[in-house]
Each structure stands twice: as C-alpha cells, then as structure tokens.
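Trainee:
Residue numbers (full-length UniProt numbering): 1 to 632.
Put into structure tokens, the structure is as follows:
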C-alpha cells in the first residue's frame, strides 16, 4: 500500500474507516461473507440440480451472482437499486397458460404440443403413461422385485424386498417422453423402507420404462452414479440421514426445471437457478413477495423470532409447493404474459419485473427483448447442471449445455436458438446435416467458407468427416441417456488437456484405430502443438496401441462409455473383445451402452443369453460366459 494512502487511513476516524471498508466490500464479487453487517447476504452458488442455498444466523438473505433475495435488507436507494417499471411477470397471477397462447400462436402451440418439454412432467393418465402396467412385466434389481399393475383408475408399482416385505407405490405423475419415462409416486401400502415418512411423499420411484426397448430398468442420474456392488444407491433400502430419498422428492428437487413455476417463486426456492446468469442485477424482497403470493407460508414463517429463521422456514415450505403447471410451458421461457394478452401491443419481456423486484441502477435501461443475453438466460436456467468433467472442462453427461457453452470462446457471439428451434423437438435423433451445422459456424468464420481455405485449416479433404467444424470443435462426448451427443463446449482439438489426460480427443474419435503417437505427430506437424511426454507416457502405457483400446480400458468410466459408443457407431469390430468386457463394467450405465453396442454391431439380442445390464456381478457371470463362448 502506498505510504500516502496508509497515512490517510491511519488518520481516518473510526466512522470514515467503516465507510471506506464498506465501499470496498461492496465491490467484492459474490462469495465474500459479510459477517458483521446487518442486512448481509449469504453467498450461495450450489449445484442447481440437487442443492439449495442455506441461511445461517444472523444472515437475512441469499445471493447468486446477479440475484439477491433479501428478507428485511436495506432500501433500494441504499443498495443502488431501482424498482422495476414494466408490467409484472413473476407472480402466479401473471401467468395465463398455454391454451391462452394457442389462440394467437397456433403453430407454436402445435409444435410445442409434441415437444419433449411439453411432456417433461405430466399427471399420470391413460394418455400420458407409456410404461407397461399390464401386470405381466417385472424386474429384479439388487434383490428387489418390481411389478407394475393397473388397478382400476390407478397404476401402482409393487416392490417385494429380499426379506419378503411388500411396498405398493401409487403412480401420480410422469417424467419424460423421449427415451425413458420415469414415475413419481408415494407409498400407499406396506412397510416403508424407513420410519421417517419420506416414502409417503411424492418422489421419483426406482424403476423407469425404456421406451425404445419396451422394458423396465432402474432409474439413473437421480444421484451421482457409483459402481453397483455396495456403492450405487438403492432407494429401497434405508439410508443414513435420508439424503437419497429427500433428494428424490419431486417438488423440492426436480420441479424447478421439469415444470412451470412463476419466476418469483423460483427466485426464492432456488436462487442460483435464476441469478447465476441473469443479464441484469436484481434484488427481490422475499418477505413482501411471499406475503402477497403465499400468505399461509408467510404466516407460518413469521412464528419464528429471527429474520434468518423466518426466511429459512419460508423457503423450506415453498419447496414443497406443487408447481403452477406441469411440463415446460410457454411461460417457463416467456415469463408471465397476462399483460401481453390484455394489451397485445405490449410485447412480453424477457427480463423479470414485479412490485417487489428491483434492478441495479446500471441496468434500468436494459433491453427486455430478444437479445443474446436474454435468450441465453432462458436456457441457462435449466441447462447448466453441475456434473463431473473431462480434462478440458466440459461435462460428461447431459443438462450441461449452457454451462459447457460458456466455457468456449465462441459463445460470446452465439445464442442457443441459432441451432435449436425452441418450439420444435429434436426427435429421437439430431436430423440436421453436418453441412447445416457447419453453416452456423461459417456465419462468423467466413475465412473458411471456400474449400481450399478449409483444406489449409483442417488438412482434410472437402466433405470428409475431418472437414467438419462440429466434428473437430464439438465432438460427441456427452452422455445423453441412450446416445452420446455433441459437447456444447466449443474448443480447439489441439488443446493438450484431453490428449495428455488420455480423455477422448476429436482426432481419435474419428481415428479410433490410430495410436497416440500418430495423433501427436500430426498435430505437431500441422499446428505446431507440443505435448508433455511425461503425461503421454503415463496415460498411454502402450503408445503403439489403438487409442480406442486405451480408452476402453481407461480408469474414468466416462471415457470408457464414450469409447464404447464411438466404436459402436463406427462398427469397429476389432474392439469387440474390449466392448464385450464393458458388459461387466462396474458402472450400470456403461453396461447399458455396451449392451446397445454389442447388439448393434452383431445384430443379436443379449437377452437371448439371459443378460440384463442391471444384473449384479454374480448374476451376469454365466450369461457373460455364454456370450464370450458364442463370440469365439
């Protein structure tokens, strides 16, 4: 610190010192805890999928980057915020529902009606339930037998444990409609796995229906995946602390993204979902908002003495409230449109506005229309899952599209809707051609439009796989339930991190049969890229082996899964011994992808050998012996 500044500080009165330090603290990014100031905010940047911000005494608010949710904090003027002036679009009463939108937007409504967003969550009816509840289908997993029965107007999942205990769960809602359908229900008969009453509440049930194969399977990705034998969660057994079951409760942990809630409601429930990527800085007065929207919750919360306890109680109660609409409807993206319906010249705002919401002085004139930041914020609210990552930083499995995209440099210019029509579903497969996908890239990178310029850049012939922008810069790395899809992190294939870690690199995803030295040499010759030999030696013990074989035996399960899927799509029969070994992988999802790969490559059904990918290690031993014998 300069001498003059130190001298000034030493001479300052206690009051001036307090003011100066307060100003400095106010400039610090979210993540600094102000423990001694009334009205301070607890920093909270949790996993937006399964975690929620916590309030600890004496804090009276929570914040996440661009959203502060306060209970009884300072005035707008003190915090340099101004009340929003547009029509309110964050209360339940501001939302009108998709049938109202249909009157003026029939084409968008029709497309949305068949979109997976529409059926991300629905009441369980004869129209919405796709699973086999005829009573003839069953599954045995980790010793528990599941049976699926239609009983009058209701559908039930009956579980019989290895000890002979029976539990009957009534199906209330569905999740998903594209590849798998999961079910939400509650225990209605039998002995619960524990005595805390958690199973009597609606939660994600342990078995889902694989639509493309017409069979019941264990649900996945409700928790982090672990090896099966004694480590993977079993929701049918008691758990210490009950974390698994609690995190499976639908209202608390799934419904913010799988259904439509008013934005103000989600602001209080899951601050990070809204605030992490908001294009403007906002502050919501939670006590005022809840007093108007949920007076019963507010009344219960006020029975606590401290403001911190009041806010904790209100948040806890709000997380159990049923959503406004099931499925992802128009206003999940467009926000409450009542003002637009009443006066059509008033365009819906993509920015939040309401009586108890304020925006920073610097954002009062922000454009509320279809700006890049506003459109991407819509998608960011759900497509930013916190996931395990590959060495370059991209997520290993789905719902990370936005967070991955922001890790790549190109996203400073892109919007999600450049590639994705928000009203039309993708279908079972991505249908756009490589040329159509590359055209989006070439809108900005026009220096590569001409074939000769592309050739100089890619060193691959025009029209070949290596000539494609997306094959090299957005390779298929992300597990998407039954397919590996493109990562949304746009990055250079010459980056050393993936290659040095032994993780899937773009070059060998096309050239599975080539050794790593072939890859390193070409990248060095073409682009001058260098790699750490010590890392290459460590992660490629046999540098003459096909990289695909190295990946299929890699210690990281995500690498093995990507390699299995890639070899299958390329029909790399030389890798069949290693792929068949994946049928015995410790991870259930890896075995699922290995099953699909072997059946696709050999045109057989592994069920004919008695194999099910969810079997225990002991159960699958004999079927695997038969499969290996048949492959000789």
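By construction, the Cβ of each residue, glycine as well, lies at the ideal position given by its N, Cα and C atoms.
Please report how far the alpha carbon of residue 656 lies from the alpha carbon of residue 598, in whole angstroms.
Mentor: Beyond the ends of the chain as shown, which are 1 and 632, falls residue 656; an answer cannot be given.
Trainee: For residue 443, does the count of other Cβ atoms within 10 angstroms reach 16, so buried, or fall short, so exposed?
Mentor: That one is exposed.
Trainee: What does the Cβ neighbour count give for residue 430, buried or exposed, with the cut at 16 atoms within 10 Å?
Mentor: Flag for residue 430 reads exposed.
Trainee: Out of 197, 236 and 226, state which residue places its alpha-carbon closest to the alpha-carbon of residue 158.
Mentor: The shortest Cα separation from residue 158 among 197, 236 and 226 belongs to 236.
Trainee: Taking the straight line between their C-alpha atoms, what separation do you get for residue 41 and residue 63?
Mentor: The predicted model places residue 41 with a pLDDT of 27, which falls under 50 and marks its position as unreliable, so this point remains unresolved.
Trainee: Within this structure, are the beta carbons of residue 186 and residue 173 separated by less than 8 Å?
Mentor: In this structure, residue 173 does not lie closer than 8 Å to residue 186 by Cβ.
Trainee: If distances are taken between C-alpha atoms only, which option among 405, 370, 132 and 360 comes closest to residue 380?
Mentor: Nearest option by C-alpha distance: 405.
Trainee: Which residue's Cα is closest to the Cα of residue 363: 83, 69 and 315?
Mentor: With distances taken between Cα atoms, residue 363 lies closest to 83.
Trainee: Please report the distance separating the alpha-carbon of residue 525 from that of residue 576.
Mentor: Roughly 32 Å separates the two Cα atoms.
Trainee: Compute the Euclidean distance between the alpha carbons of residue 344 and residue 590, then round it to the nearest angstrom.
Mentor: Distance between the alpha carbons of residue 344 and residue 590 is about 51 Å.
Trainee: Grouping DSSP H, G and I as helix and E and B as strand, with all else coil, what is residue 516?
Mentor: Helix at residue 516.
Trainee: Using DSSP bridges, identify the partner residues of residue 187.
Mentor: According to DSSP, residue 187 bridges with 169.
Trainee: Under a Cβ-count criterion, where at least 16 other Cβ atoms within 10 Å of its own Cβ denotes burial, should residue 287 be classed as buried or exposed?
Mentor: Residue 287 comes out buried.
Trainee: Smallest Cα separation from residue 179: which of 217, 330, 495 and 501?
Mentor: The shortest Cα separation from residue 179 among 217, 330, 495 and 501 belongs to 217.
Trainee: Quick one: which unbroken alpha helix (DSSP H) runs of 4-plus residues sit fully inside the segment 454-525? Chain order, please.
Mentor: Runs found: 469-473, 496-501 and 506-510.
Trainee: Can you tell me whether residue 281 sits near the ligand ADP, meaning its C-beta is under 7 Å from at least one heavy atom of the ligand?
Mentor: Only the bare structure without any ligand can be found here, which leaves the ligand ADP out of the picture.
Trainee: Would you mind working out which of 111, 184 and 104 sits nearest residue 129, comparing C-alpha positions?
Mentor: Of the candidates 111, 184 and 104, the one whose C-alpha sits nearest the C-alpha of residue 129 is 184.
Trainee: Can you check the segment 538-576 for any beta strand (DSSP E) of at least 3 residues that lies completely inside it and give the ranges in chain order?
Mentor: Runs of the beta strand (DSSP E) inside the segment 538-576: none found.
Trainee: I'd like the span of the beta strand (DSSP E) that includes residue 421, first residue to last.
Mentor: That residue, residue 421, is in no beta strand (DSSP E); it is neither H nor E in DSSP.
Trainee: Put residue 126 into one of helix, strand or coil per three-state DSSP.
Mentor: It is coil, neither helix nor strand.
Trainee: Suppose the cutoff is 6 Å on Cβ atoms and the five residues either side in sequence are ignored; what does the same chain contact list for residue 189 look like?
Mentor: The residues are 168.
Trainee: Need the endpoints of the alpha helix (DSSP H) that residue 210 sits in, please.
Mentor: Where residue 210 is concerned, there is no enclosing alpha helix (DSSP H), although the beta strand (DSSP E) it sits in stretches over 207-210.
Trainee: Using a Cβ-Cβ cut-off of 6 Å (strictly less than) and excluding sequence neighbours within five positions of residue 469, which residues of its own chain qualify?
Mentor: The answer, listed in chain order, is 438 and 441.
Trainee: So what does DSSP say about residue 597, is it helix, strand or coil?
Mentor: Of the three classes helix, strand and coil, the one that applies to residue 597 here is helix, per DSSP.
Trainee: Please report the residue range of the alpha helix (DSSP H) in which residue 61 lies.
Mentor: No alpha helix (DSSP H) contains residue 61, which is instead part of the beta strand (DSSP E) from 61-64.
Trainee: Taking the C-alpha atoms as reference points, what is the distance between residue 230 and residue 616?
Mentor: Cα-Cα distance, rounded: 10 Å.
Trainee: How many angstroms separate the CA atom of residue 89 from the CA atom of residue 394?
Mentor: Answer to the nearest angstrom: the Cα atoms are 34 Å apart.
Trainee: Is residue 248 near residue 69, with beta carbons less than 8 Å apart?
Mentor: Contact: no.
Trainee: Can you have a look at residue 447 and say buried or exposed, based on whether 16 or more other CB atoms are within 10 angstroms of its CB?
Mentor: Exposed, by the Cβ-count rule.
Trainee: For residue 392, count the other beta carbons within 10 Å of its own beta carbon; 16 or more makes it buried, fewer makes it exposed. Which is it?
Mentor: By the neighbour-count rule (16 or more Cβ atoms within 10 Å), residue 392 is buried.
Trainee: Would the segment 476-485 count as touching the segment 448-456 if we require 3 or more Cβ pairs under 8 Å?
Mentor: Cβ pair count under 8 Å is below three, so no.
Trainee: Can you find the residues in the same chain that come closer than 7 Å, C-beta to C-beta, to residue 636, ignoring five residues on each side of it along the sequence?
Mentor: The structure shown does not extend to residue 636, since the chain spans only 1 to 632, so no value can be given for it.
Trainee: So the candidates are 358, 436, 374 and 564; which of them puts its Cα closest to the Cα of residue 81?
Mentor: Residue 358 is the option with its Cα nearest to residue 81.
Trainee: Between the segment 312-321 and the segment 329-344, can you find at least three pairs of beta-carbon atoms closer than 8 Å?
Mentor: Result no; under three Cβ-Cβ pairs closer than 8 Å.
Trainee: Taking the alpha-carbon positions, what's the residue 293 to residue 553 distance?
Mentor: Taking the straight line joining both Cα atoms gives about 55 Å.
Trainee: Quick check: what's the CA-CA separation for residue 170 versus residue 508?
Mentor: Each residue's Cα considered, the two are about 48 Å apart.
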